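In what follows, a single structure is set out as structure tokens and then discussed.
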Amino acid sequence: MARQIQPTESDRLWWRKPPAITRYGVAGLSVATALIIARLPQLHLANAPVSLFLCAIMFSAWFGGVGPGCVAIALSHLGFIYYFVAPLYSLAVQTEEVPRVLMFSLSALFVGSLSAAQRRTTESLKRAHDNLARSVQELERVNEALHAENAERKRSEEAVRKAQAELAHVSRITTLGEMAASIAHEVDQPLSGVVINANACVRFLARPSPDLGEVRDGLHAIARDGRRASEVIARVRALARRAGTDREPLDINDVISEVVALAEGEARRTHARVRIELAGTLPRVIGDRVQLQQVVLNLLLNGLDAMHEVLDRPRELVIRTEAEATDHVRVAVRDSGSGIDPQLATRIFDAFYTTKPAGMGMGLSISRSIIEQHGGRLWAVPNDGPGTTFQFTV
Amino acid sequence: MTETPAIVFIVDDDASVREALGRLMRSAGLRVEAFASAEAFLNRPRTDAPSCLVLDVQLPDLSGLDLQRRMVDAKNEMPIVFITGHGDIPTTVRAMKAGAIEFLTKPLVEGDVLESIRQAIARDRVVRHHNAETAYLRARRASLTPREEEIMEWVVSGLLNKQIAGELGISEETVKVHRGHVMRKMGADSLADLVRMSERLGMSRRKHS
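Protein sequence lines, in the order shown, are assigned to chains A and B.
Heads up, the first sequence is in numbering that gives the first Met the number 0, so the first residue is 0 and it goes up one at a time.
Heads up, the second sequence is in numbering that gives the first Met the number 0, so the first residue is 0 and it goes up one at a time.
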């Protein structure tokens, strides 16, 4: 909040220049008062009129400026010469009195100009003060505008971030939708296990001498399979979560393991093997778990897609993590697929660019913006052998 | 006659399903051997016991259909019960054409699973019995002399001893002796039995000139 700096009301009245008539009036009045006081017989000041006239001049020049000061000087001369310089009651000056008159004139001019200068200095100081106050006020306004602009920019950035998070969310949901069949399979498997184990347990119990060992093992298997199914669902739910702006310290290996577990069915469906080579100790990275999982999932699914046409060699996808510098991590997703046409390599990160019949072309573009928001880099390099390696740092 | 105990082989890469199916088979009194991959199953020496294979269509590396083809190539006639998560028609047709006995889709129903396995094992018993009988007959036939084999061919073609004697230019008495040897060596009870055996062995018939 800007503080208003303004001269107080009394300051302003005091320092406002009075109208000319007042200023000249005051000059005349001052000289007249000095004359009257000097000539009052009771005060016995007839011998020292000079100081009184000088006071009048000083006041007039200080109150009214140069003009009234000059008027006061002129009037004082007239009064002085007429009443106090021989011959008295005349405007003539005796020769022996000339030095006294000249002395008076010099004093009057000196005092008058000094007062006028004092007046001007005070005025310019006041003006400078006012200007300064105005400048400060102006600065406050500019500052305020900057604050508002900054807040606006922050709001826009926040809106952009939100929009990106929303887009990333939509893309995640779409991806999960495309994986629905393989995810359903991943839930079906343990559920099949649960049902068949339960059937078997019932049969073991129905025997004339129930096999309790088998029943106990069966029940353990049921508990384990049930957990397995709910873990799949928890993974899907975590990835379907809106979120997308919570930063926390993460173990990137955990992030990757979760994604690989979720994509296992997809790998099975495409007859590919996913191998993970995770570095033992890695610095924790600050990031959004869901969004980083999304990036890894995108790269993983892209890799599986790229190997779809491969028939003459194993379809193998390797995900590797390693430390980068001291406090960063590098993740590499290497496929043995058909590779990327070098002419199209620059376009793969563009939004809406896709080589897949059912693709939206958002995966890599979103992945790159997520990684950039995490202060990292995402890029692709062709392998020495067949396929491509996508890498990112965070 | 006591039956040789049957073995159910299970090949499924999913530990939950593999283990659960194994338990279900055991609960039905069956012997079970389970494998996580087609390769592991192929590495096991063939069994002489009646058996069947419960096979997941979707296996990594060597798929269920690949394994079936390998078995057909290796003349392994073990009946196969396929299990699939999402039974697509082309796969089912291919598997059935290659001799799959049943195609079970998930979710698996206990009764269906056990019934198909019983049928598969029963079929394997029949096939094995048939094969064993054929092998036995082949051994019997190999014990015949060339002349006896010739006479057997004439006999099952429906010729009388006298006609055979005429064809071969030997005495009817000699034909009778050879014929007696044939019946004894082949273990045939009657002419009809001998004819059935010759059909099983795919013997050629002689035409009376």
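Ideal Cβ placement from N, Cα and C applies to all residues, glycine included.
The model shown is predicted, which means the values in this text are computed figures rather than measured ones.
- For A:D334, no alpha helix (DSSP H) segment is defined, and its DSSP state is neither H nor E.
- When C-alpha distances from A:A237 are compared across A:E257, A:H184, A:D224, A:N252, the shortest belongs to A:E257.
- By the Cβ neighbour-count rule, A:L42 is exposed, with fewer than 16 other Cβ atoms within 10 Å of its own.
- For A:D253, the enclosing alpha helix (DSSP H) has its first and last residue at 251-268.
- The three-state secondary structure of B:L159, taken from DSSP, is coil.
- Leaving aside the five residues that flank A:A197 on each side, the residues in its chain whose CB is nearer than 8 Å to its CB run, in chain order, G217, I221.
- Here A:E213 is near B:R25, since their CB atoms are less than 8 Å apart.
- Taking 7 Å as the Cβ-Cβ cut-off, the stretch 41-69 of chain B approaches chain A at Q57, P59, given in chain order.
- Shown here, A:T174 sits in a helix according to DSSP, grouped into three states.
- Shown in chain order are the members of the stretch 193-224 of chain A whose Cβ falls below 7 Å from a Cβ of chain B: V194, I195, N196, N198, A199, R202, F203, E213, G217, A220, D224.
- Contact note: A:Q372 does not reach chain B at a C-beta cutoff of 8 Å; the least C-beta distance is about 36 Å.
- The C-beta of A:Q188 comes closer than 8 Å to at least one C-beta of chain B.
- Per DSSP, reduced to three states, the secondary structure at A:Q390 is strand.
- Here A:W378 is exposed, its C-beta having fewer than 16 other C-beta atoms within 10 Å.
- Across the set A:V284, A:N297, A:A158, A:T345, the C-alpha of A:V284 shows the shortest separation from the C-alpha of A:D326.
- Under the three-pair Cβ rule at 8 Å, the stretch 268-287 of chain A counts as touching the stretch 312-320 of chain A.
- The alpha-carbon of B:K161 is positioned some 13 Å away from that of B:H177.
- Annotation: the continuous beta strand (DSSP E) that includes A:A322 extends over 315-323.
- For A:R227, the neighbours in chain B by C-beta distance under 8 Å run, in chain order, S15.
- For A:L28, the secondary structure class from DSSP, reduced to helix, strand or coil, is helix.
- Judged by DSSP secondary structure, A:R206 falls outside any beta strand (DSSP E); it is assigned neither H nor E.
- Its chain contains no residue whose beta carbon lies nearer than 8 Å to that of A:T120 once the 5 sequence neighbours on both sides are disregarded.
- Look at B:E18: its C-beta is under 8 Å from a C-beta on chain A.
- The beta carbons of A:R38 and A:Y82 sit closer together than 8 Å.
- For the C-beta of B:A94, not a single chain A residue is nearer than 8 Å; the gap to the nearest is close to 17 Å.
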